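So the structure is just underneath, and the comments pick up after that.
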Amino acid sequence: VDTFVGALRDAGVQLAALNFAGGDLAAGDRGLLSLPEDSAAFRDNIDVCVGIAAWTGCTVLNALFGNRADDVPERLQDELALENLALAARAAAPVGATVVVEALNSYDSPRAPLVSSQGALAVIDEVRARDGVTNIAFLADLYHLGKMGEDLPEMLARDAGDIAHIQVADIPDRGAPGTGELDFPALFGQLAAQGYQGWIGCEYKASDPADSSTSFGWR
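For the sequence shown, my numbering assigns the number 1 to the initial residue and increments by one for each residue that follows.
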């Protein structure tokens, strides 16, 4: 952690968002908080991530929900997720951080239970109502939501008050804005008109991985 925080300082960059431990993402894991065998690891990681947020001023902590498990009832997974989200939000509140919940798409993550904005928001609303925490919000990933066929302008208008962070990539291939089907000039214009104050994370694949200097040409 010291090395990581030192690298941020040496590079002169600000940490805008940080994932809680999510397992082996390259192997297909998509989070720990809803899995009984991994719940302890998630809870152990809460203080680490909140500490990093406190040291760096990071205000967005992403809690990856986790895949469905064959041998665990869905209701048990969902209850465990709600408990762990409440624990994370309570821990993050004193440092001014918000815990966010993200919806994925079922094409890239076929075992993900949260694959729509409304699915993620239902979880967020339940944690707010049941546990009385207010620092839990929606991470609107326009790639995942667009891949699932959501009406993005409608979603951004309807859920504006619940969105704490946005991530972008074009569909269908997760390229940079302008390489696919989404109308990013209109989407960015709508966010500006709505007064969105959060960060927009660029979570797309470079068109030329060997030459990162071209990665932001779309701007």
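From the three backbone atoms N, C-alpha and C, an ideal C-beta is built for every residue, glycine too. For clarity, every value in this text was computed on a predicted model and none was experimentally measured.
{"query": "Measure the alpha-carbon distance for tyrosine 107 versus glutamate 203 and round it to whole angstroms.", "result": "17 angstroms"}
{"query": "Would a C-beta distance cut-off of 8 angstroms place phenylalanine 138 and aspartate 159 closer than the cut-off?", "result": "yes"}
{"query": "For the segment 169-219, which segments carrying the alpha helix (DSSP H) assignment without a break, of at least 4 residues, lie completely within its bounds, in sequence order?", "result": "184-194"}
{"query": "So, helix, strand or coil for valine 50, using DSSP?", "result": "helix"}
{"query": "Tell me which same chain residues have a C-beta within less than 8 angstroms of the C-beta of glycine 198, skipping the five on either side of it?", "result": "Val60, Ile163, Ala164, His165 and Ile166"}
{"query": "If you follow the alpha helix (DSSP H) that phenylalanine 4 is part of, which residue opens it and which one closes it?", "result": "2-11"}
{"query": "Could you check whether serine 117 and alanine 140 sit closer than 8 angstroms to each other, using their CB atoms as the reference points?", "result": "yes"}
{"query": "DSSP on glutamine 77, reduced to helix/strand/coil?", "result": "helix"}
{"query": "For proline 185, is the classification buried or exposed, using 16 other Cβ atoms within 10 angstroms of its Cβ as the cut-off for buried?", "result": "exposed"}
{"query": "Note down, one range per segment and in chain order, each beta strand (DSSP E) of at least 3 residues found wholly within the segment 135-161.", "result": "136-141"}
{"query": "In whole angstroms, what is the alpha-carbon distance linking glutamate 220 and leucine 114?", "result": "Given a span of 1 to 219 for the chain in the structure shown, any question on residue 220 remains unanswerable."}
{"query": "Short of 7 angstroms in beta carbon distance, which residues of its chain neighbour cysteine 49, apart from the five on each side in sequence? Order them along the chain.", "result": "Leu18, Phe20 and Leu61"}
{"query": "Which value, in whole angstroms, describes the spacing of the CA atoms of glutamate 154 and alanine 16?", "result": "26 angstroms"}
{"query": "Looking at C-alpha atoms only, which residue of Leu8, Arg9, Phe4 and Gln14 is the closest neighbour of glycine 201?", "result": "Gln14"}
{"query": "Starting from the C-beta of glycine 146, find all residues in its chain whose C-beta is less than 7 angstroms away, skip the five residues before and the five after it, and write them out in chain order.", "result": "Leu152, Ile171 and Leu182"}
{"query": "So leucine 64 and arginine 30 are in contact, right, with Cβ under 8 angstroms, and what is the actual spacing, rounded?", "result": "6 angstroms"}
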